[in-house]
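What follows is a single structure, written as C-alpha cells, with notes after it.
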Amino acid sequence: MRALVAMSGGVDSSVAAALMLEAGHEVVGVTLKQWVGPGGAMPVAGCCTVADAEDARMVAGRLGIPYYVLDYVDEFRAAVVDAFASEYAAGRTPNPCVECNRRVRFRALLARTDELGCDVLVTGHHVRVRRDEAGYHLLRARDREKDQSYVLHMLGQRELAATEFPVGEMTKTAVRERAAALGLRTAAKPDSQDLCFVGAAGYRDFLRNGYPAAAEPGPIVDTTGAVVGSHRGTIDFTIGQRRGLGVALGGRRYVVAIRPGSRTVVIGSEDDLLASGCEVEGATFVAGRPPAYAKVSVQLRYRSRSVPATMEPLGGDRWNVRFSEPQAAVAPGQAAVFYDGVEVLGGGTIGRATGRG
Amino acid sequence: MLYLDHAATTVLRPEAREAMVPYLGEKYGNPSGLHEVSRRAKHAIETAREQAAELIGAARPLEIVFTGGGTEADNLAVAGAALAGGGRGGVVTTAVEHEAVLETARFVSRLGCPVSIVGVDRSGRIDPDEVAAAVSPETAVVSVMTANNETGTLLDVGDAARAVRAARPDVAVHTDAVQAFISEDVTVTSTGADLIALASHKLGGPKGVGMLYVRSGVELEPVVHGGGQELGRRSGTHNVAGIVGMVAAMERCVADRDRFRSRIGAARDRFEAALRQGRPDVVVNAPPDGRLVQHSHLRFPGVSAETLLIRLDQSGVAASAGSACQSGAVTTSHVLEAMGFGGTEAAECVRFSFGWVTVPDDGDHAAKQVLAVLEELA
C-alpha cells in the first residue's frame, strides 16, 4: 500500500509518516501550501510557513520518502479564509479548522490521493477509527487533551474508509518520544496554534486589514437596548467575551449577542449568557444517518467538555438541541458535535442559541 | 532515473571536473597576492578569462567579469547599467525575463529608475520594434533574453539590439544567455549585445559561478562591494576552481554544439512525435522553428501539471513546471501569464529539457513513460 501523508511540519504528522513506513507501506509526504502572505510568498511567521515546509521536507528526507509541496492556495482562500471573514462579518464565530478539514484536506486532497498514486490518506490528527459490521466509527483520541474529533466530525463513511490516523492511538508524550527516538527534528516543536493563516498579528488585525467591511464602528447596548458605549467593528467581539469591551458598568459584563445588521454588540451579565439549547444547521453524521436515539452529549467549542443533551429533528439537516443544564457562550458559527461516549455521531454548525436565561 | 530537467541544471562535464581538481587541492591560492601561490591562481583565472573572451567573441579578455552565478551577472548588468555614475537610468525589458532580470528591474525602480516592460505574443516572442519604441531619453539599458528558460522560445535579441541602437546608440543592450549558450551560437556578434550573462552550471560546469561580458566603454555600478577584484566590477575573492571549471565546460560546450544540436534535437523531436502519437491533444507551447533544441515545453489539456510531475517522479522521470516557489510548490509562471495563458492552461504545462548526456533513445523512453502515466491518470 502507498500512503499519502499530509505533513504540516509538526511532530504528529512527522510520526504518522514514520509509523506508516514502519508498518511496511510506501509513503509519500506532502505539505499543502494554503496561504500566501503579501507579495505571494509563503508566510514567514505563524503556521503554514516556509519554515514549516522545510521541517516537513527535512523529516521526509530523514525518513527517505518523496516529498512535495502542493498548491492549495485558491481552495484554501475560498473555502476557509473568505468564509471565515464573511462569517465573522455576519456576527458569527466560525471555526476555520472545521472548514479546512471538510473542504480542503478531506475533500480536495482526499480526492487526489488516487491520482497522486496513493491508496490511503494519512494525517497526524489525534482521533481514532474503529471498524465493525456496521461500518467505520470515529472515536475521540487516546490522549483526550489532544483530541481533535471535534474538528473532524464531518467525516463520513467514505472519508474514513480512505483515511488513517496513526497517532490517534498514542499520547502526545509518546508521539514526541517516538519522534525523538527517530531523530526527527520536529520532536520538541511546539504545537501549532489554531487559525494558522492569520499570523502573529491575530485574527482581528487580519480581518481589519483584509476585510475592512467587517470593521465598521457601531453601538454597544445592554440587554434593555440602552446604548452604553461604542466599538470599532463587530469583528472585535465574540460571544462570551469579557475583556476589551471598553464599558465600565457594575459587575462583570459579557458579550451576549452580536447583531451585524445594525452593527450592534449586546452585553449582559453571566446569566444573560446562558442558553438552554441551540439550533444546529448543516448537520452530517458519521454513520451516514442520525442516531436512533435522542439522548447524546454535545460539544459546543473546540477543546471543551461535552454536555448531556437531547436532539430533535427540525427537518432536513437542522436539529434542535436541548442541554441538560444551561450552557454559557453558545456561539453561532461554532460547531456543535454530537457524541455517544467517546464516539462521534456527527455534528453541524450552531445557528442560534435558544432558551436564553 | 530519466533526468529531463537539464534546463534546471545539468550534469558536470568530466572536462570541467578535471580542470577544477588542482584548484581544490594543491593550487589553493588567492589570485590577489604577490607570491608564487597567488601567481599560479592568478594565471589560472586570467587564462580562463582569455579563453572565455575568445569563446564569446569578446575583443579583450578584460571584457569578461567573473561572477557568483548567472543571477549575479544579470543583477550586475541591469542594476549596474541603470545606476552607473550615480544616475537613475531607465530599464526596458521583457515580461518573460528570468526573475534575475525582472526583480532587479523592480529593485532599481524602487530606487527611482523608470522601468518599462514589453509584452510578448502567445508563443513568447517579442517584437523588436516594440522594444525599441519603449526606449526613452532616460533609458540606460535594454535587457532581452536570448532564449526563455521555461518555454525555450528564442527572442530576437539581435534585431532588438539593432532597433534600439538606431534609436539611441548610447543605450546598453543586455542579454541573458544563461539558457541558450549550450545550444545556440551566442557571441558578441550574434547577439549584438553589450552585456551577456552566462551561468556555469547550465553548461555542465560547477554551480555558483557565472560571467558577464561587458563591452569596453560600458560603465557599470558594481553590485557587490569590497576588495575591488575584477577591476572593481565584482569584489570578492575569486572562485578559482569554479572559474576554471566553467570555462572548461564552455570550451567543451562550444566544441560540441553542432553534435549537441543534432543529437539532442533528435531526442526531443522523437519524444514529441511519440508523445503526440499517443496523445494528439498535447500542445507545444514554443514556436516550432524558433526554440531551443533541448526544450520541450508542453501543455497537457485537462491534466494537472502538479499531479503529472509527481506521478512522473514516482515512475523515475524528472521534469519540471519551469517555475517553483521557495517552498517547492508549483506556482503560476509569469512567463505563461505574459504569453496570455489563463490560470488553468498554465497549470497544465510541463517542461521537459534534454542535456549533453541525453541520447536519442531517451526521447522514446521518456515518451513511453509519460504516456503510461497519462494512461493511469485518465
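Here the protein sequences come in this chain order: A and B.
Per my numbering, residue 4 is the first one in the first sequence, and the count goes up by one each step.
Per my numbering, residue 13 is the first one in the second sequence, and the count goes up by one each step.
We put the CB at the ideal spot given by N, CA and C, even for glycine.
Remember, predicted model here, so these are calculated numbers, not experimental data.
Proximity test, Cβ basis, 7 angstroms: residue i and chain B
| i | result |
| --- | --- |
| Glu78/A | no |
| Glu90/A | no |
| Glu118/A | yes |
| Lys36/A | yes |
| Tyr71/A | yes |
For residue j and residue i, believed in contact at Cβ under 8 angstroms, the rounded distance
| i | j | result |
| --- | --- | --- |
| Gly81/B | Gly239/B | Actually they are not in contact, since the Cβ atoms of Gly81/B and Gly239/B sit about 19 angstroms apart, beyond 8 angstroms. |
| Lys214/B | Thr343/B | Rounded, the Cβ-Cβ distance is 21 angstroms, inconsistent with contact. |
| Ala144/B | Ala96/B | That pair is no contact at about 21 angstroms. |
| Ser50/B | Gly41/B | 5 angstroms |
| Ile57/B | Val266/B | Contact flag wrong, Cβ pair sits at about 19 angstroms. |
CB contact below 7 angstroms: residue i versus chain A
| i | result |
| --- | --- |
| Arg323/B | yes |
| Thr319/B | yes |
| Gln326/B | yes |
| Leu417/B | Absent from the structure is residue 417/B, since the part of chain B shown begins at 13 and ends at 390. |
| Leu36/B | no |
| Leu5/B | One cannot answer for residue 5/B here, as it falls past the ends of chain B, which runs 13 to 390. |
Residue i: first and last residue of the uninterrupted beta strand (DSSP E) it sits in
| i | result |
| --- | --- |
| Gln302/A | Lys298 to Gln302 |
| Leu277/A | Leu277 to Phe288 |
| His186/B | Ala184 to Asp188 |
| Phe364/B | Cys361 to Ser365 |
| Glu29/A | Glu29 to Lys36 |
| Gly350/A | Glu346 to Arg359 |
| Ile261/A | Tyr257 to Arg262 |
| Val125/A | Val123 to Val125 |
| Leu210/B | Leu207 to Ala211 |
| Pro169/A | Pro169/A -> no beta strand (DSSP E), and no H or E assigned at all. |
| Glu328/A | Arg321 to Ala331 |
| Phe341/A | Ala338 to Asp343 |
Where the alpha helix (DSSP H) containing residue i begins and where it ends
| i | result |
| --- | --- |
| His377/B | Pro372 to Leu389 |
| Cys100/A | Pro99 to Glu102 |
| Leu114/B | Glu111 to Arg122 |
| His346/B | His346 to Ala350 |
| Ala53/B | Glu48 to Ile68 |
| Leu243/B | Counting along the chain, Leu243/B falls outside any alpha helix (DSSP H), and DSSP gives it neither H nor E. |
| Asp85/A | Asp85 to Ala92 |
| Thr319/B | Ala317 to Gln326 |
Pair within 7 angstroms by beta-carbon distance, residue i and residue j
| i | j | result |
| --- | --- | --- |
| Ala190/A | Ala182/A | yes |
| Val296/B | Ile276/B | no |
| Arg25/B | Arg264/B | yes |
| Glu142/B | Val130/B | yes |
| Ala21/A | Val8/A | no |
| Gly220/B | Gly254/B | yes |
| Ala379/B | Leu287/B | yes |
| Ala63/A | His28/A | no |
| Arg266/A | Thr237/A | yes |
Sequence-distant residues of its chain with Cβ nearer than 7 angstroms to residue i (five each side left out)
| i | result |
| --- | --- |
| His1/A | In the structure displayed, chain A extends from 4 to 360; residue 1/A sits before or after that span and is not available. |
| Ala331/B | Leu16, Asp17, Leu321, Leu324, Val362, Arg363 and Phe364 |
| Ala65/B | Arg72, Pro73, Glu75 and Ile76 |
| Ser309/A | Ser300, Val301, Gln302 and Tyr342 |
| Thr165/B | Ser135, Gly136, Arg137, Ala159, Ala298, Pro299, Gly302 and Arg303 |
| Ser202/B | Gly170 |
| Ala317/B | Ala333, Val342, Ala359, Glu360, Cys361 and Val362 |
| Gly328/B | Met13 and Leu14 |
Residues of its chain near residue i, where Cβ-Cβ distance is below 6 angstroms and the 5 sequence neighbours each way are ignored
| i | result |
| --- | --- |
| Ser155/B | Val90, Thr105, Val113 and His186 |
| Ala93/A | Pro263 |
| Leu35/A | Leu73 and Tyr75 |
| Asp58/A | Gly12 and Thr189 |
| Gln151/A | His128, His129 and Val130 |
| Asp168/B | Pro140 |
| Leu383/B | Gly290 |
| His307/B | Gly164 and Ser365 |
| Ala260/B | Glu27, Ala28 and Ala31 |
| Asn55/A | At residue 55/A the sequence reads Asp, which differs from the Asn that was named. So the list reads Gly12, once near-sequence residues are dropped. |
Cut-off 8 angstroms between Cβ atoms - residues of its own chain near residue i, not counting five sequence neighbours on either side
| i | result |
| --- | --- |
| Thr166/A | Phe109, Leu113, Val123, Leu124, Val125, Thr126, Val132 and Leu158 |
| Val200/B | Ile68, Gly69, Ala70, Ala71, Ile208, Tyr225 and Arg227 |
| Glu148/A | Lys175 |
Partners in chain C for residue i, counting only beta-carbon separations shorter than 7 angstroms
| i | result |
| --- | --- |
| Val342/B | Any reference to chain C falls outside this structure, whose protein chains are A and B. |
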